[in-house]
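Colleague: Right, I'll just put the structure down here and ask away after.
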């Protein structure tokens, strides 16, 4: 059923992004995901250091074989706790890109589920099997493109912002905005997901975080074996005399980090319109002076019926561009990933605040005077997103299969084609990269671009 409701449709009624929600096919599965979603809800809105602390805690449990006697005590409730522990640990490792450890944990979870179902023949064995398949599908989709080292070993790439991937810029007084609040909304059907993280939400979440600087966090593919602790930093387990201090840039009381390196984030999976507006309002309220709010919206498009207007009831459950007008009172940066994204390109700037909308292509195969881009360009995260958008547009523009404006993304205000998107230096970089990747034949030749 549709879940985003708007009681008073705006004039843009002919096009809008319309998310729909579907319930899980198995009710018990919701119960199994409850604990996993709870831990994800805490981690996703906090600092990356909290993820490191959670990882240290779960790794200590694994290193001490804390649940090793669960099967021997012949208690199904302990086995369920053990399975939930594995699911939580996998979520944390996925967010930290410890992929080798993720694969090891999935194998262990597979064996534990097999033992659980054969020993107890529980009613929820199908649900746990579905959870396992969901995890495997997510890992497979995340690694659909592999980067290999010269020795043929897979390189695990981090999507987080690091000093090596931060686009340099010479700051000017107009670059006064910083990204402070983020709302990531995932509302597409038929998308690979794990718990309440779809693939696009997962990648955007990491794109909007800085890389932790601690040395152990750079070893993404490490997988400490059971019985061994991965590092000497973490938690002290109950009953143990050995303590493992937390790895976090915190104050002496341990309450809050000394400096919040990452913007505050909200993640909403298939929310209602009321929930979206509430969280937008919360982020809007928390914005400090010169702070910017980012809204990432991934949703299926919804179009008003022409032949049968009586079937337009679902339009009242959809998000309209006009719903976002109140939030343009402060700097707003939007990314709309939808097959109906272009409907958001005409949001007016009633309050004179900076506003940028990056819109995905809706289909698969002037003079630049607006200062909004420069105002957002001073923030490392937003500058990275803008430059990635430009790279995407240039690549699609040069690709032979993407001829036609409908196959390329759009932005508002418009970027200058001649001075930027058609710049020979950018085109040369893209074509040179295509040659290195041995896909040069998919791109136009120089004589075709004239």
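Residue numbers (the numbering used here): 1347 to 1796.
Cβ coordinates follow ideal geometry from the N, Cα and C atoms, glycine included.
What three-state label does DSSP hand residue 1781 in the structure shown?
Modeller: Against the chain shown, residue 1781 aligns to sequence position 435. Looking at residue 1781 - three-state DSSP - the assignment turns out to be helix.
Colleague: Please work out which residues of its chain come closer than 7 Å, Cβ to Cβ, to residue 1743, disregarding the five sequence neighbours upstream and downstream, and give them in chain order.
Modeller: Translated into positions along the chain shown, residue 1743 becomes position 397. Only 1754, 1767 meet the Cβ criterion.
Colleague: Mind checking whether residue 1647 and residue 1684 have CB atoms under 7 Å apart?
Modeller: Position 301 of the chain shown holds residue 1647. Position 338 of the chain shown holds residue 1684. It is a contact, given that the beta carbons lie within the stated cut-off.
Colleague: If you measure between the beta carbons of residue 1679 and residue 1643, is that distance less than 7 Å?
Modeller: Reading the chain shown from its first residue, position 333 is the one you call residue 1679. Reading the chain shown from its first residue, position 297 is the one you call residue 1643. Not closer than 7 Å, so no.
Colleague: State the Cα-Cα distance for the pair residue 1698 and residue 1722, rounded to the nearest angstrom.
Modeller: As a working mapping, residue 1698 is identified with position 352 in the chain shown. As a working mapping, residue 1722 is identified with position 376 in the chain shown. Near 14 Å, if we compare the C-alpha coordinates of residue 1722 and residue 1698.
Colleague: Quick check on the burial criterion: 16 or more other C-beta atoms within 10 angstroms. Buried or exposed for residue 1787?
Modeller: Here residue 1787 is taken as the residue at index 441 of the chain shown, counted from 1. Its Cβ having fewer than 16 others within 10 Å, residue 1787 is exposed.
Colleague: The beta strand (DSSP E) that contains residue 1647, what's its start and end?
Modeller: Taking the chain shown and counting its residues from 1, one reaches residue 1647 at position 301. Element bounds for residue 1647: 1647 to 1649.
Colleague: Is it true that the region 1484 to 1500 meets the region 1509 to 1517, where meeting means three or more beta-carbon pairs spaced less than 8 Å apart?
Modeller: no
Colleague: Measure the C-alpha to C-alpha separation of residue 1618 and residue 1790 and round it to an integer number of angstroms.
Modeller: Taking the first residue of the chain shown as position 1, residue 1618 is located at position 272. Taking the first residue of the chain shown as position 1, residue 1790 is located at position 444. Taking the straight line joining both Cα atoms gives about 44 Å.
Colleague: Which first and last residues belong to the alpha helix (DSSP H) in which residue 1693 is found?
Modeller: Taking the first residue of the chain shown as position 1, residue 1693 is located at position 347. Neither: residue 1693 is in no alpha helix (DSSP H) and is coded neither H nor E.
Colleague: Check each candidate in 1732, 1728, 1733 and name the one with the smallest Cα separation from residue 1554.
Modeller: Walking along the chain shown from the start, residue 1554 turns up at place 208. Answer by Cα proximity: 1728.
Colleague: So what's residue 1793 in DSSP terms, helix, strand or just coil?
Modeller: What you label residue 1793 is simply residue 447 of the chain shown in a count that begins at 1. DSSP places residue 1793 in helix when its eight states are reduced to three.
Colleague: Between residue 1778 and residue 1737, what straight-line distance do the alpha-carbon atoms span, to the nearest angstrom?
Modeller: Position 432 of the chain shown, counted from the first residue, corresponds to residue 1778. Position 391 of the chain shown, counted from the first residue, corresponds to residue 1737. For residue 1778 and residue 1737, the distance between alpha carbons rounds to 13 Å.
Colleague: According to the Cβ coordinates, are residue 1667 and residue 1693 closer than 7 Å?
Modeller: Residue mapping note: residue 1667 aligns to position 321 of the chain shown, counting from 1. Residue mapping note: residue 1693 aligns to position 347 of the chain shown, counting from 1. Yes.
Colleague: For residue 1758, does the three-state DSSP call read helix, strand or coil?
Modeller: Within the chain shown, residue 1758 is the residue found at index 412, counting from 1. Residue 1758 falls in the strand class under three-state DSSP.
Colleague: By Cβ distance below 6 Å, which residues in the same chain neighbour residue 1483 in space, the five residues on each side in sequence not counted?
Modeller: Translated into the one-based positions of the chain shown, residue 1483 becomes position 137. If we look at residue 1483 and ignore the five residues flanking it on each side, its Cβ neighbours are 1538.
Colleague: Just verifying my parser: in three-state terms, what is the DSSP assignment at residue 1504?
Modeller: By one-based count along the chain shown, residue 1504 stands at place 158. Coil at residue 1504, not helix or strand.
Colleague: Just to confirm my understanding: we take residue 1503, look at its own chain, exclude 5 residues before and 5 after, and list those with CB closer than 7 Å. What are they?
Modeller: Indexing the chain shown from 1 puts residue 1503 at position 157. Here the set comprises 1493.
Colleague: Hey, how far is the Cα of residue 1751 from the Cα of residue 1758?
Modeller: The count along the chain shown starts at 1 and reaches residue 1751 at position 405. The count along the chain shown starts at 1 and reaches residue 1758 at position 412. Going from the Cα of residue 1751 to the Cα of residue 1758 covers about 15 Å.
Colleague: In whole angstroms, give me the CA-to-CA distance for residue 1731 and residue 1479.
Modeller: Sequence index remark: in the chain shown, residue 1731 carries index 385 (1-based). Sequence index remark: in the chain shown, residue 1479 carries index 133 (1-based). Taking the CA atoms as reference points, residue 1731 sits about 32 Å from residue 1479.
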